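To start, the structure itself, in structure tokens.
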């Protein structure tokens, strides 16, 4: 791929079957994914994922007691309104197939003038705590910390 930034800020999650799924932000309009079936000794070539986004990092964790994955990222797929090149909207999405598709999505932050990134996730009881940087063009910069608690049922549409 021709890229000015290459793969940046990679992440890694162990899938239910023990394989590894990795991802990284790019300047190509989406997260790129790669996989390992041998505990990380070798990897598939990076390929585009369904996570369309600006050059902004994603966070992914496996849901407790489940094979499903939860991703937080700036969704530029067109499912939700977005401002080209901005780190908005912030969306939580669920994959049931090891990160190949992300059909379930919930809007977390949708301000078209906002910036949302550098997320952290922690599961507590039947909820997930989300922490992330936030800002907007009115005040400027990523100068706020947001912390949210969402029920797992609200993310999966139950």
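Residue numbers (my numbering): 1 to 158.
Ideal Cβ placement from N, Cα and C applies to all residues, glycine included.
Quick caveat: nothing in here was measured; it's all calculated off a predicted structure.
### Message
On the DSSP letters alone, give me the boundaries of the beta strand (DSSP E) that residue 70 sits inside.
### Response
Here residue 70 is taken as the residue at index 70 of the chain shown, counted from 1. Residue 70 -> beta strand (DSSP E) spans 69–74.
### Message
Going by beta-carbon coordinates alone, are residue 146 and residue 105 separated by less than 7 Å?
### Response
Here residue 146 refers to the residue found at position 146 of the chain shown. Here residue 105 refers to the residue found at position 105 of the chain shown. Against a cut-off of 7 Å, the Cβ pair of residue 105 and residue 146 comes out as no contact.
### Query
Assuming residue 127 and residue 116 make a contact with CB atoms under 8 Å, what is their CB distance in whole Å?
If you number the chain shown from 1, residue 127 lands on position 127. If you number the chain shown from 1, residue 116 lands on position 116. Rounded, the Cβ-Cβ distance is 19 Å, inconsistent with contact.
### Query
Which residue's Cα is closest to the Cα of residue 139: 119, 95 and 114?
The count along the chain shown starts at 1 and reaches residue 139 at position 139. For residue 139, the nearest C-alpha among the options comes from 114.
#### Entry: Host alpha helix (DSSP H) of residue 155 (start-end)
Taking the first residue of the chain shown as 1, we reach residue 155 at position 155. Run containing residue 155: 152–156, per the alpha helix (DSSP H) assignment.
### Message
Once DSSP output is grouped into helix, strand and coil, what is the label at residue 23?
### Response
Residue mapping note: residue 23 aligns to position 23 of the chain shown, counting from 1. Three-state DSSP puts residue 23 in a strand.
### Query
Excluding the five sequence neighbours on either side, which residues of its own chain have a C-beta within less than 6 Å of the C-beta of residue 97, listed in chain order?
In the chain shown, counting from the first residue as 1, residue 97 sits at position 97. Around residue 97: no qualifying Cβ.
#### Entry: Residue ranges of each beta strand (DSSP E) within the region 74–104, 3 or longer
90–95
### Task
Counting only the same chain and skipping the five closest in sequence on each side, list residues whose C-beta sits under 8 Å from that of residue 81.
For the purposes of this step, residue 81 is taken as the residue at position 81 of the chain shown. Closer than 8 Å at Cβ, skipping near neighbours: 89, 110 and 112.
### Message
Buried or exposed, going by whether 16 or more other CB atoms sit within 10 Å of the CB of residue 120?
### Response
Along the chain shown, read from residue 1 onward, the residue named residue 120 stands at position 120. That one is exposed.
### Query
So, residue 54 versus residue 85, is the Cβ gap smaller than 7 Å?
Position 54 of the chain shown holds residue 54. Position 85 of the chain shown holds residue 85. Taking 7 Å as the Cβ cut-off, residue 54 and residue 85 qualify as a contacting pair.
#### Entry: Span of the beta strand (DSSP E), counted from its first residue to its last, around residue 8
The sequence position of residue 8 within the chain shown is 8, counting from 1. Residues 8–14.
### Task
Drop a sphere of 10 angstroms on the beta-carbon of residue 155, count the other beta-carbons inside from all chains shown, and report buried for 16 or more, exposed for fewer.
Against the chain shown, residue 155 aligns to sequence position 155. Classification for residue 155: buried.
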